[in-house]
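For reference, the structure is listed below as structure tokens.
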Amino acid sequence: MTKTAKVLAISGGIGGAKLALGLQRVLPPGDLAVLVNTGDDFRHLGLAISPDLDTVLYTFAGVANAGAGWGREGETWNFLEELRRIDGPAWFQLGDRDLVVHVERTSRLALGESLTSIMAALGRRFGVPSAILPMTDDAVATLLDTDAGVLEFQEYFVRRRCEPRIRAVRYAGAATATANPALTGLLASPELECVVICPSNPYLSIGPVLAIAGLRDALARCPVPVVVISPIIGGRAVKGPTVKLMRELGVDVSPRSITEHYAGLIDGLVVDSEDMAFASATGVPTLVTPTLMQTLVDREALARAALGFAASLAAAPRLPRTVP
Ligand code: FO1
């Protein structure tokens, strides 16, 4: 029988996976489960692509391309070069090794296997000690209402390099999607000690996860501390379009906005030392610590700090979570 996780992390791709790896490295094997965004998933060349799941898988297995943050280290590009030569859709770069995972996932889905089961099998094959849980086995797509029309996530993110101006973010299918069944059990488990929301984009990466009604409710009701690591450092995002998006949505780029975004769900916020001045105005208990993760040591240090902070919140009398 598999061990019940003690820590649940919620993550998108690149930024979130960095902290998730730190958590995996400081926790005993089997103590971590990661709930991963699938709102970026799409069909490309007939293949089922799950970028954030694969980023977490490769990061946990130690085979990720550290520079790009996505795809495999030591990748070869024969498939992509040949695709480009015949004028195929090479804007989304699929490496040869990475391609194998997409082909395998697509064929197993076609045979009726669930995404959860496929990711569990891949996790075992890659020797990953943590559970990698898709947020749902149903189709959910993050759609962007932009000044260039409605765009699917990868169309906006990769093909258009996040250039269009976003007016609204939607999560098509989330209202009727069923949360990963393992998650509801885990959130109610007496073994669970805390939930850590990784410093992923709150709108594009964590937003789709929390848009699944059953999942949001289960998280709001869970009795253990839920802490979030702010993805904003000194008014900047470490990577990606978080700050640009917040500005376009008319949201103040500050730790307080992160608390407001997660209102009713979190018990504590972790902000970077550079944002010390905001710590007393976040509206929730706040830990100030370095959050920039450039090295493995940084990732482990932030993981330890987040876990210690959650433990301190569990020990103290709990404030009721404000319902939005
Ligand atoms: N990101 C890019 O910026 N360009 C790419 O060509 C690209 C290809 C790609 C292939 C497989 C995969 O798993 C991820 C890939 N990503 C690529 C990353 C991905 O689009 C984003 O990082 C996530 O969707 C956002 O978390």
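Oh and the sequence shown: position 118 is 463 in the working numbering, straight run, nothing missing. All residues carry an ideal CB built from backbone N, CA and C; glycine is no exception.
Between residue i and the rest of its own chain, which residues show a CB-CB distance below 7 Å, the 5 nearest in sequence each way excluded?
{"i": "Val503", "result": "Trp436, Phe437"}
{"i": "Pro544", "result": "Gly360, Gly361, Leu364, Ile574, Ser575, Pro576, Thr636"}
{"i": "Leu377", "result": "Ala350, Val352, Ala354, Leu368, Gln369, Ser475"}
According to DSSP, which residues form a beta bridge with residue i?
{"i": "Gly595", "result": "In the DSSP output, where bridge partners are listed per residue, Gly595 has none listed."}
{"i": "Arg453", "result": "Arg453 pairs with nothing; no bridge assigned."}
{"i": "Arg581", "result": "Ile578"}
{"i": "Ile542", "result": "Ile355, Val573"}
{"i": "Val615", "result": "Ile574, Leu632"}
Would residue i be called buried (16 or more neighbouring beta carbons within 10 Å of its own) or exposed?
{"i": "Met346", "result": "Confidence in Met346 is poor, its pLDDT being 45 and thus under 50, which makes the residue's placement unreliable; the coordinate value appears in the next sentence. Classification for Met346: exposed."}
{"i": "Ala622", "result": "exposed"}
{"i": "Thr487", "result": "buried"}
{"i": "Thr417", "result": "Per the sequence shown, residue 417 should be read as Arg rather than Thr. Buried."}
{"i": "Arg450", "result": "buried"}
{"i": "Lys348", "result": "exposed"}
{"i": "Pro547", "result": "buried"}
{"i": "Ser395", "result": "buried"}
{"i": "Leu555", "result": "buried"}
{"i": "Ser625", "result": "exposed"}
Near residue i, what residues of its chain come up, given a Cβ to Cβ distance below 6 Å and the 5 sequence neighbours on each side ignored?
{"i": "Leu641", "result": "none"}
{"i": "Ala519", "result": "Val485, Ala556, Ile557"}
{"i": "Arg385", "result": "First, the residue type needs correcting, since residue 385 is Asp and not Arg in the sequence shown. Correct list, in chain order: Pro396, Asp397, Phe498."}
Could you give the first and the last residue of the continuous alpha helix (DSSP H) run that contains residue i?
{"i": "Arg429", "result": "423–430"}
{"i": "Arg417", "result": "No alpha helix (DSSP H) holds Arg417; DSSP gives it neither H nor E."}
{"i": "Ala646", "result": "641–660"}
{"i": "Gly552", "result": "552–555"}
{"i": "Val401", "result": "396–406"}
{"i": "Leu528", "result": "526–533"}
{"i": "Ser459", "result": "Element bounds for Ser459: n/a, residue is neither H nor E."}
{"i": "Pro600", "result": "600–606"}
Where does residue i sit, in a helix, a strand or coil, going by DSSP?
{"i": "Asp490", "result": "strand"}
{"i": "Val569", "result": "coil"}
{"i": "Pro669", "result": "Unreliable placement is indicated for Pro669, whose pLDDT of 48 sits below 50; the coordinate value is still reported in the next sentence. If DSSP states are grouped into helix, strand and coil, Pro669 belongs with coil."}
{"i": "Arg388", "result": "strand"}
{"i": "Leu467", "result": "helix"}
{"i": "Ala378", "result": "strand"}
Can you name the start and end residues of the beta strand (DSSP E) that residue i belongs to?
{"i": "Ile511", "result": "511–517"}
{"i": "Pro479", "result": "476–479"}
In chain order, what residues of the same chain lie with their CB nearer than 8 Å to the CB of residue i, ignoring the 5 residues before and after it?
{"i": "Asn423", "result": "Asp441"}
Of all the CB atoms in chain C, is at least one closer than 7 Å to the CB of residue i?
{"i": "Gly414", "result": "Looking at the structure shown, chain C is missing, and only one protein chain is on hand."}
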